[in-house]
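K.L.:
Before I ask anything, let me first share the structure, which is written out below as structure tokens.
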Amino acid sequence: MSTVLILADFSGDHATKTTAELATAAARIGSVSAVVLAPAGKGAALAATVNQGPISNVIVIESNDFASHGVAAVADALAGVVKDKSPAALLIASHAFGKEVAARVAVLTESGIITDAVDVAADATATQLVFGGSTTVHSQVSQGTPIITVRPNSIDADVSAASPAIENATAAISDIAKKATIASSQPPVKGGRPELTEANIVVSGGRGTDGNFSAVEAFADLLGAAVGASRAATDAGWYPHSHQVGQTGKTVSPQLYVACGISGAIQHRAGMQTSKTIVVVNKDPEAPLFDIADFGVIGDLFNVLPQATAAVAAKKG
Amino acid sequence: MKIAVCVKQVPDSWAEKKMVGGVLDRENVDAVLNDLDEYAVEEALRIAEAHGGNEEGGPHTVTVISMGPERATEAVRKALSMGANGAILVSDAALAGSDALATSAVLAKVISDGGYDIVICGTESTDARMSVVPAMLSARLGWAQLTFASKVVVDPAGKVSITRVTEAGVDEISAAFPVVVSVVEKINEPRYPSFKGIMAAKKKTIEQKDLAAVGVAAQSAWSQVKDATPRPPREAGLKVNDEGSGGEALATFLAEKKLI
Ligand SMILES: Cc1cc2nc3c(=O)[nH]c(=O)nc-3n(C[C@H](O)[C@H](O)[C@H](O)COP(=O)(O)OP(=O)(O)OC[C@H]3O[C@@H](n4cnc5c(N)ncnc54)[C@H](O)[C@@H]3O)c2cc1C
Ligand SMILES: Nc1ncnc2c1ncn2[C@@H]1O[C@H](COP(=O)(O)O)[C@@H](O)[C@H]1O
Chain A
7 MSTVLILADF
17 SGDHATKTTA
27 ELATAAARIG
37 SVSAVVLAPA
47 GKGAALAATV
57 NQGPISNVIV
67 IESNDFASHG
77 VAAVADALAG
87 VVKDKSPAAL
97 LIASHAFGKE
107 VAARVAVLTE
117 SGIITDAVDV
127 AADATATQLV
137 FGGSTTVHSQ
147 VSQGTPIITV
157 RPNSIDADVS
167 AASPAIENAT
177 AAISDIAKKA
187 TIASSQPPVK
197 GGRPELTEAN
207 IVVSGGRGTD
217 GNFSAVEAFA
227 DLLGAAVGAS
237 RAATDAGWYP
247 HSHQVGQTGK
257 TVSPQLYVAC
267 GISGAIQHRA
277 GMQTSKTIVV
287 VNKDPEAPLF
297 DIADFGVIGD
307 LFNVLPQATA
317 AVAAKKG
Chain B
65 MKIAVCVKQV
75 PDSWAEKKMV
85 GGVLDRENVD
95 AVLNDLDEYA
105 VEEALRIAEA
115 HGGNEEGGPH
125 TVTVISMGPE
135 RATEAVRKAL
145 SMGANGAILV
155 SDAALAGSDA
165 LATSAVLAKV
175 ISDGGYDIVI
185 CGTESTDARM
195 SVVPAMLSAR
205 LGWAQLTFAS
215 KVVVDPAGKV
225 SITRVTEAGV
235 DEISAAFPVV
245 VSVVEKINEP
255 RYPSFKGIMA
265 AKKKTIEQKD
275 LAAVGVAAQS
285 AWSQVKDATP
295 RPPREAGLKV
305 NDEGSGGEAL
315 ATFLAEKKLI
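Chains as they are written, first to last, in our numbering: chain A, 7 to 323; chain B, 65 to 324.
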């Protein structure tokens, strides 16, 4: 059976659910090898967290260049593994970092690339939702190793326990990849809430919150949801930029998206309109986001959300 | 310093887009300068202005580089009217349907022939939405990659430092010339072209080149669309007026949909 590579996705010291999603998609094509790129001395610990999903083996490469030189060093190492294993495909998480790594590996290995896939079939055909989710496209790579970036939260992950074999490897990192040097890195601030792109439910607030996210957060916490924000809210400094949903923020596709005090500019819609169910709370009946809402409440979010929070709490018992 | 800015002409964000024969139908929609590239033009101008300017005879130049159909001159002209000095537009029938790999190969050749110190891109084209061209340019040129910048500081002696912001956090990165930079939309507020700028842009040269003039062969796309199907548009669902029980109605909806 042919090998399919995935680049294991981490948040801090732990493999994310996205890693299991990538493995689930990759396993349709062949036997899955997850590549773990770790700082010196950390490989075994990181690899041990790659323990969910249909993963046959883990290829561990340790180098401090990944932290000092970022995307370019990671791409060099990954391209080396691709050349070594000639896999049937390479799957990477579709976020800024993953897409840039994929871009460089495509150049280095002379391979075609497809980004933002929401599904991948056994013959490595990728499904994408383009033009703001209005069109479904199926595409295939016709040259080299198919390199496909997959949107987090689009594939139902097989999270059965895995105990993959561990293989240690080394990487040759070029001088070109070392040209940019990272002087310092600050990880994103994490609250106790789920990751925006991984959450099943997202509750977002916009300018309509007027800077007070307490009602949005209370509803989110009851639903076990992540909190998102429109650009108006992140620009005003009400919520961190890392929570921005939209064209220049994150793309989310949860089971449920609740937008509160958000008008629905095209740039915001670009990041949320493929959500399965959309609920909108807005006091302006003309707000364009109502056009794509499965359920809308015309009203003040400071009245509607606390009441909804209490009512949901009562239903949950 | 010689600064280049890569700009793309894209269909207007509001326009309805359709696929024809596996590629985006660009003929029948209004086209505009990719709005994220306006931030790249603005940043290039600000870098030049912070160190003596890019006026005629000034120490720095800002050159706009674009690949696209001939009518992309409109988008290029907008960048010129903001204040860039000149432009190179690569147009060739053989480039229709290019993917990001083919595009980056053409742009990389134009850039390396121009001898620039800094090339600045937007982070994403609003039509392709791939965010891959800047990284591909860096890999092809063998130049440092300084992408997703929310702040750019240039030492004209030959060093660029940026603050990179992505979902992975915030990084401080630096590299020596030549570098590939991409900028996020939080970095600045692009200027509106002034009347003077618009008039001046009419006299600026847009050097149009075909593939032979650039000196690269056309590369076919390395991924193919097998099929494209329009999805049924999202229908607006139930909308209720909050007359004191809107929150309860919301909770009932979520319960019926088994979302709680
Ligand atoms: C290049 C570019 C990139 C962009 N990228 C993004 C992006 O990634 N994400 C993004 O979100 N935006 C983005 N934008 C901005 C976008 O165009 C909008 O400006 C932004 O989404 C508006 O945010 P908003 O809906 O919160 O604010 P507004 O449009 O001001 O809407 C606020 C809404 O709140 C309602 N409201 C007010 N008070 C209440 C209340 N008490 N209860 C209920 N409702 C209330 C109002 O009726 C109104 O509909 C981008 C713009 C540009 C130019
Ligand atoms: N055809 C093109 N001509 C010039 N620049 C481009 C072109 N395509 C992409 N770019 C640049 O690359 C950036 C990212 O585009 P993309 O990778 O297509 O999302 C854009 O913001 C532009 O700066």
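Ideal placement from N, C-alpha and C gives every residue a C-beta, glycine not left out.
Here the structure is a predicted model, which is why all the values come from computation and not from measurement.
#1: So is threonine 269 of chain B buried or exposed if we call it buried at 16+ other beta carbons inside 10 Å?
#2: What residue range does the beta strand (DSSP E) around isoleucine 119 of chain A cover?
#3: Is methionine 131 of chain B close to chain A? Criterion is C-beta to C-beta, closer than 7 Å.
#4: Could you round the C-beta distance between threonine 55 of chain A and aspartate 19 of chain A to whole angstroms and report it? I think they count as a contact, below 8 Å.
#5: Answer yes or no: does any C-beta atom of chain A fall closer than 7 Å to that of isoleucine 175 of chain B?
#6: Report yes if the CB atom of valine 156 of chain A is closer than 7 Å to the CB atom of serine 117 of chain A, and no otherwise.
#7: Determine, for glutamine 283 of chain B, whether the minimum Cβ-Cβ distance to residues of chain A falls below 7 Å.
#8: Can you list every residue whose CB sits closer than 7 Å to some heavy atom of ligand 2, going in chain order?
#9: Might you give, ordered along the chain, the residues of its own chain that have their beta carbon closer than 6 Å to the beta carbon of serine 37 of chain A, omitting 5 neighbours on each side?
#10: Measuring only the C-alpha atoms, how far is lysine 196 of chain A from alanine 281 of chain B?
#11: Check the DSSP bridge columns for asparagine 159 of chain A and list the partner residues they point to.
#12: With distances taken from CA atoms, which of B:Pro75, B:Thr137, B:Ala104 is nearest lysine 273 of chain B?
#13: Quick one: residues in its chain with C-beta nearer than 7 Å to the C-beta of glutamate 249 of chain B, no 5 flanking neighbours on either side, listed in chain order?
#14: For a cutoff of 7 Å on Cβ pairs, would you count glycine 118 of chain A as touching chain B?
#15: For leucine 43 of chain A, count neighbouring C-beta atoms within 10 Å of its own C-beta (all shown protein chains included) and say buried if the count is 16 or more, exposed if not.
#16: What is the DSSP secondary structure of arginine 228 of chain B, reduced to helix, strand or coil?
#17: Of the choices A:Ile120, A:Val165, A:Ala168, whose alpha-carbon is the least far from that of serine 145 of chain A?
#18: Is there a Cβ from chain A that is less than 7 Å from the Cβ of alanine 203 of chain B?
#19: Does the contact criterion of 3 or more C-beta pairs under 8 Å hold for the stretch 191 to 208 of chain A versus the stretch 226 to 233 of chain B?
#20: Please list, in chain order, the chain A residues whose beta carbon lies closer than 9 Å to that of asparagine 305 of chain B.
#21: Among B:Ile152, B:Asp181, B:Val197, B:Asp177, which residue has its Cα nearest to the Cα of phenylalanine 241 of chain B?
#22: Does the CB of alanine 21 of chain A have a neighbour CB from chain B at under 7 Å?
#23: So, does the CB of proline 194 of chain A fall closer than 7 Å to a CB anywhere in chain B?
#24: When you compare each of A:Lys256, A:Pro246, A:Ile298 to alanine 205 of chain A by their alpha carbons, which one comes out closest?
#25: Can you check whether the CB of leucine 201 of chain B is closer than 7 Å to the CB of valine 243 of chain B?
#26: Check distances from the C-beta atoms of the stretch 141 to 174 of chain B to those of chain A and list, in chain order, the residues that come in under 8 Å.
#27: Can you name the residues that DSSP bridges to glutamine 288 of chain B?
#28: Taking only runs that begin and end inside the stretch 159 to 229 of chain A, name each unbroken beta strand (DSSP E) of 3 or more residues, in chain order.
#29: Whether or not the stretch 125 to 137 of chain A and the stretch 45 to 53 of chain A are in contact is what I'm after, with contact meaning three or more pairs of Cβ atoms, one per stretch, closer than 8 Å; do they touch?
#30: Would you call serine 325 of chain A buried or exposed, if buried means 16 or more other Cβ atoms sit within 10 Å of its Cβ?
#31: Give every residue whose Cβ lies closer than 5 Å to any heavy atom of ligand 1, listed in chain order.
#32: Just to make sure I have the definition right: I need the residues of chain A whose C-beta is within less than 9 Å of the C-beta of glutamine 272 of chain B. Which are they?
#33: With a 10 Å radius around its C-beta and 16 neighbouring C-beta atoms as the bar for buried, classify alanine 139 of chain B as buried or exposed.
#34: Across the stretch 219 to 226 of chain A and the stretch 272 to 284 of chain A, are there enough close Cβ pairs to call them in contact, namely three or more that are closer than 8 Å?
#35: From which residue to which residue does the beta strand (DSSP E) around lysine 66 of chain B run?
P.N.:
To lay it out plainly:
#1: exposed
#2: 119 to 126
#3: no
#4: 7 Å
#5: no
#6: no
#7: no
#8: B:Cys70, B:Val71, B:Lys72, B:Asn98, B:Leu100, B:Asp101, B:Ala104, B:Ile129, B:Ser130, B:Met131, B:Gly132, B:Ala164, B:Thr167, B:Leu171, B:Cys185, B:Gly186, B:Thr187, B:Glu188, B:Ser189, B:Ala192, B:Arg193, B:Met194, B:Ser195, B:Val196, B:Val197, B:Pro198, B:Ser246
#9: Met7, Thr9, Ser62
#10: 48 Å
#11: For asparagine 159 of chain A, which the question treats as bridged, DSSP gives no partner whatsoever.
#12: B:Thr137
#13: Leu100, Tyr103
#14: yes
#15: buried
#16: strand
#17: A:Ile120
#18: yes
#19: yes
#20: Pro291, Val303, Ile304, Gly305
#21: B:Asp181
#22: no
#23: yes
#24: A:Lys256
#25: no
#26: Asp163, Ala164, Leu165, Ser168
#27: A:Gln146
#28: 171 to 175, 187 to 192, 207 to 211
#29: no
#30: As displayed, chain A neither begins before 7 nor continues past 323, which places residue 325 of chain A out of reach and without an answer.
#31: A:Gly212, A:Arg213, A:Gly214, A:Ser236, A:Arg237, A:Ala238, A:Gly252, A:Gln253, A:Thr254, A:Gly255, A:Gly267, A:Ile268, A:Ser269, A:Ala271, A:Gln273, A:His274, A:Asn288, A:Lys289, A:Asp290, A:Ala293, A:Asp306, A:Leu307, B:Asp99, B:Glu249
#32: The contacting residues do not exist; glutamine 272 of chain B stays about 27 Å from chain A at best.
#33: buried
#34: no
#35: 66 to 70
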